[in-house]
Every structure is written in C-alpha cells, then in structure tokens.
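Comments concern the structure below.
Number of protein chains: 2
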Amino acid sequence: MKGEHLFRSKYKSALTNCALLNNLDEETNNEILSLFHHEKWPKNTCFLNHEKFFFHFYIILSGRVKMYQVEPNSGKELTLFLLTKSDVFDLFCLLDGDKHQVYYECLDNVKVLAAPMTELRSWLNRHPEHYKNLLPYAGKQLRSLENYVSDITFTDISTRLLKLLIRNVNDKSNTLELINDLSNKELAYLIGSTRAVVNRHLQRLKQNGSIKISRKRLQVKNLSLLLHLLENQKLANLKI
Amino acid sequence: MKGEHLFRSKYKSALTNCALLNNLDEETNNEILSLFHHEKWPKNTCFLNHEKFFFHFYIILSGRVKMYQVEPNSGKELTLFLLTKSDVFDLFCLLDGDKHQVYYECLDNVKVLAAPMTELRSWLNRHPEHYKNLLPYAGKQLRSLENYVSDITFTDISTRLLKLLIRNVNDKSNTLELINDLSNKELAYLIGSTRAVVNRHLQRLKQNGSIKISRKRLQVKNLSLLLHLLENQKLANLKI
DNA sequence: TTAGTTGTGCTACTTAAGTAGTACTATTCA
DNA sequence: TGAATAGTACTACTTAAGTAGCACAACTAA
C-alpha cells in the first residue's frame, strides 16, 4: 500500500485519530502504513472464525463493527464493544498473542486497513518506543469493560438503557448517534439484556415523550428529561 | 533501595514472576528496582483515596489486596480484582494517566514495593522497549474483565459460585486456595451478588457434600461433584 | 469477663427481569 | 407481486435474585 497516498486521502482523519499511529513523524507513519492493505466488508458480514484476528490486525476507516459473544448453550448474545472509525482490533490478540473468543459483525459497509499480525509485531519490536501508543488505548478498553461490570451489577435495565441513550447523544447536534438505527435486540445486547425487556422500557420513555421510536429508528426528543429520570433512579437507590 | 540485595532476598520469586520485570538483565533489573522502596500495610488497611495510586505504582511481594468499587447511593460493593504476589497496580493509571475510581483493601498483612509514578514513567520513556512487558499483563486484565461481563450476563449466581470455587482449587494439592478464608459477603462481592444469596447456594452445596463450611472457612470436599454440577447447569441452559 | 462486633443460617416476602406467545407491520428479495 | 423475514408492541406467566429481619455462634477488645 502506498502509505503517502493513503495518508492524504479521505481517510486521513481516521488515521490521525488512531491510537497506533499517534504522534508519528511522516516517515515512520508511511513505514507502518506500508504493512497494511485496504479491505472492504459489506454490511452484515459476520466473522465467526477467531483465527482471522489472530493472524491480522485491523484499523477501521469507516463503518461500525461490533465485537460480541454468544453463549453456546442458550444462544444468548452480548455486545462487548461497538467499534467505529479509528478503532483497532483485536487488541486482546495483539497484547498477549492468545486467541480471543469473540465474534465480529459489520453493522455498516466497512472499510478497514489490515496488516499481518507477525509483521506488525516485528515492526513494533524494531521500534519499541511505539508500544507506548498502545497503552492509553488499552487503558480505554479496560475502563470500558470495568464500567460494563459495575453497571451490570449495580444498576437495573432501565437505568442502563437511560445511560446508553444519554452517552450516545452528540453534545453539539443534540441528536442520538451511533445507536439510533439499531433494533431493540441490538440495543438489548449492548446492555446485557433481552429484546422484550428493552422494548418494555422504551415504551415507557416513549409515553413520557423523551424519545420517539419507529422501526429501527430511535430519536431522543428530550435529553434533559432523560437526565432527570436518571437522577431520580439514583435517588431511588438511596438507603434510608 | 538496594536492588541487588532485595533481588536475592526472600521475595525473589515475587519479582521474577512480575510482568514489569520480565526478561530483564541483572543491570536493568537493579536499575528499575532502585526506583522502588519497601512498604508494609497491615491487614484490613483500606485505601479510599484514588490519588494515592495516581502518584505511586505498586508491586505486591506478599499478601492479598482487593480492588473494589462501591455504588455511592446503595452502598453495594463489587470486587473487581483479587490481587496477589507479583501483581502490580494500578495498571489503569499507569496506562493512560487518568485517575481510577476504585478502592483498595488489604486482606492480609501485605508487603509491597512502591515507586513514584513519574519516575517509573520517565524510566520507561528512557527504556521504551520495556513497555512491551506491560502488554501481556494488560491483556490478562482485559480478559479477566471481559470474562466477568459475560459471566454476569450469561450465567446465574449458582453457576458463578461453582466457577469461582472450581477455578480456585489448586490442581496439585486439590484444595481451595486464595478464597478459602473469606466470609460469605466477600465471596458474594467476587461474583456480583449478595451475602444472603451466596449463603443460600453454599448451603445447597454443603447438603450434597461437595463443600464443607464453617466461620470464614471453606473447603472443597468433592471437586468432581462440583465439576459435574457445573456441567448440569450448562445443559439446563440448552434451548430445546 | 463481658459487651460489642462480625459472621452464619434461616424464613418470609417483593420485585425486576426473563420467557412464551401472538398479532400486526415494515421490509426484502425471488 | 407476493411470500418470507425481521422488527415491534403487547399480555400473561415464571422465577431467581434481592431484601428484611431475626436468632444464634464465634470471635475481639476493653
């Protein structure tokens, strides 16, 4: 891949925000990008083979990719990460060189850069100072998972749903992003619940006018009401 | 601290197994250890001030330290990690330089090595190849948290309790370790539940003879029965 | 020694979440 | 176009987990 060409291309913003490529001079940047090639994955593509991510490392240029698990006996699903532009995967494999028992699915048409894991590793070994770039990104994923654990154990579904909505409202446009075109089922998997239960809570939010829902479309109509409801739920937990 | 002296001391095994000090030549090893000093913390010491772990980094030489969170409204607790010999903390702070909203408590008399975070960081910046040592350890914590999330969402308390017991049975001695002297409350916090519920399930395991319990003492009497029960619970989840 | 604290074992009750099923609608694609 | 599929809204039911409370035992420290 011509690194220079690509760097000047329309995916520049995806690459400059990518943790792996942080603070590199142009020469180094081109050198590391030369390990990668372009791939396009159509919407709804599923990757069920863990080995794929053991042998290649990916950077998302555009589109959403969900990392998820399936409980083999019950068939229940759980979305661990909703990856998007500038995200990389699979960090687990890169960090410790073990297989990672998760699946991936494209929620949009996705463009990625792909590099053979061995080549990326040997490049990093030749330039160990760039290992440092991985650390804050690893920290972010650790915090995200820790937050997942405490949310699941401390708070009920309606609170988790409120939090999910609130944190995906864009500050500037004041509209729901990233998850606004997901089905109830996909929303449920993002907070470790089931379609029916999430629908039940969405109906209540619809009734009080804070959201508007239609088939695979979700709008936040009244963010301050959502924030208010979240506050109330916290107070309801107070031990007297 | 005299690195050479300490390295030959009785904590040698704690240090050689420590991720941060992996594969270092003796000189480098002494250099990094010179950043650390010795600290002793008595059993039951609590650290509720997040700043402490923002400014110092610790390696456990002996004793157990639990990393936990408290939900401020309800007062519910949750143990995130049960750290022990050779573990380091706080990795979250070291990786991304942000505060980490968790508490720490010593479950034993604990001995640690402590280094100022800034000095450790600047040493690592001078020797960036040693950043690499942190990666597999970060991977291990990521996997542990991911596993926590999927356990909580996929499996019920009795299954989580069975798994907790089984994974803490020492292969060689066939006895329960690490958690064998914890109260029901502490066991509950390790799997995101409550004392009463855990006790309920422990009573059932006692009745079938797989464990023996007394005040703050827990013994596994029949590991294969526990494994058998775990298998059965999985089958019970099968969708027909 | 004793008072206070902590841990245990139990009963009874409440509740949110999950499960099952069904009618209906929107979308897809052959 | 029309059949199949996917998504939604709803009711009724089940259940595990959480909650509250209490009696008692076992440590701990004044």
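Residue numbers (the UniProt record's numbering), protein chains in the order written: chain A, 1 to 240; chain B, 1 to 240.
Backbone N, C-alpha and C define an ideal beta-carbon position, used for all residues, glycine too.
All figures in this text were calculated on a predicted structure; none of them were measured in a lab.
{"Item": "Range of the contiguous alpha helix (DSSP H) that encloses A:T159", "Value": "157 to 167"}
{"Item": "Euclidean distance between Cα positions of A:M67 and A:K111", "Value": "16 Å"}
{"Item": "Beta-carbon neighbours of B:E129, restricted to chain A and to distances below 7 Å", "Value": "P128"}
{"Item": "Whole-Å CB distance - A:N199 paired with A:N184, under 8 Å assumed", "Value": "5 Å"}
{"Item": "Touching by the beta-carbon criterion (3+ pairs, under 8 Å), the stretch 91 to 109 of chain A and the stretch 218 to 229 of chain A", "Value": "no"}
{"Item": "Own chain, CB closer than 6 Å to B:F47, minus 5 neighbours either side, in chain order", "Value": "Y104"}
{"Item": "Residues near B:I179 by beta carbon distance below 6 Å, same chain, minus five either side", "Value": "N168"}
{"Item": "Neighbour flag for B:Y58 against chain A, beta carbons, 8 Å", "Value": "no"}
{"Item": "Spatially closest choice to B:E39 from B:I157, B:A114, B:S210, by CA coordinates", "Value": "B:A114"}
{"Item": "Cβ shell of A:F55 (< 7 Å), same chain only, five flanking positions each side left out", "Value": "P116, M117"}
{"Item": "Beta-ladder partner(s) of A:H56, from DSSP", "Value": "A:P116"}
{"Item": "Of the listed residues A:L120, A:L80, A:E119, A:L225, nearest to A:Q101 (C-alpha basis)", "Value": "A:L80"}
{"Item": "Proximity test, Cβ basis, 8 Å: B:A138 and chain A", "Value": "yes"}
{"Item": "Range covered by the alpha helix (DSSP H) that runs through B:F36", "Value": "Per DSSP, B:F36 belongs to no alpha helix (DSSP H) and is neither H nor E."}
{"Item": "Residues from the stretch 145 to 170 of chain B in contact with chain A, defined by Cβ distance under 7 Å", "Value": "L145, E146, Y148, V149, S150, I152, T153, F154"}
{"Item": "Contacting positions in the stretch 60 to 84 of chain A - beta carbon closer than 7 Å to chain B", "Value": "Q69, E71, N73, S74, G75, K76, L78, L80"}
{"Item": "Beta-carbon neighbours of A:F92, restricted to chain B and to distances below 7 Å", "Value": "G139, L142, R143"}
{"Item": "Terminal residues of the beta strand (DSSP E) in which B:Y68 lies", "Value": "65 to 70"}
{"Item": "Spatially closest choice to A:T45 from A:S34, A:I32, A:V65, by CA coordinates", "Value": "A:V65"}
{"Item": "At least 3 beta-carbon pairs within less than 8 Å: the stretch 85 to 99 of chain B vs the stretch 88 to 101 of chain A", "Value": "no"}
{"Item": "Nearest-angstrom beta carbon gap, B:I157 and B:I211 [assumed within contact, 8 Å]", "Value": "Actually they are not in contact, since the Cβ atoms of B:I211 and B:I157 sit about 15 Å apart, beyond 8 Å."}
{"Item": "Straight-line gap, A:N174 to A:L145 (C-alpha atoms, nearest Å)", "Value": "26 Å"}
{"Item": "Residue span of the alpha helix (DSSP H) that contains B:V198, given as start and end", "Value": "195 to 207"}
{"Item": "Whether B:F57 touches B:L124 by CB criterion (8 Å)", "Value": "no"}
{"Item": "Interface flag, A:L134 vs chain B, CB-CB below 8 Å", "Value": "yes"}
{"Item": "Enclosing alpha helix (DSSP H) for B:Q233 [first to last residue]", "Value": "223 to 236"}
{"Item": "Cβ of A:N222 within 8 Å of any chain B Cβ", "Value": "no"}
{"Item": "Within-8 Å CB hit, A:D96 to chain B", "Value": "yes"}
{"Item": "Inter-residue Cα distance where the pair is B:L134 and B:G63", "Value": "22 Å"}
{"Item": "Buried versus exposed call for A:R160 [16 or more other C-beta atoms within 10 Å across all chains shown]", "Value": "buried"}
{"Item": "Simplified DSSP assignment, three categories, for A:V149", "Value": "helix"}
{"Item": "Environment of B:E51 [buried if 16+ CB atoms lie within 10 Å]", "Value": "exposed"}
{"Item": "Beta-carbon neighbours of B:N237, restricted to chain A and to distances below 8 Å", "Value": "E71, N73, S74"}
{"Item": "Contact under 8 Å by Cβ, A:L162 with A:L225", "Value": "no"}
{"Item": "C-alpha gap between A:I25 and A:H130, whole angstroms", "Value": "It is Asp, not Ile, that sits at residue 25 of chain A in the sequence shown. Cα to Cα, the separation comes out at about 12 Å."}
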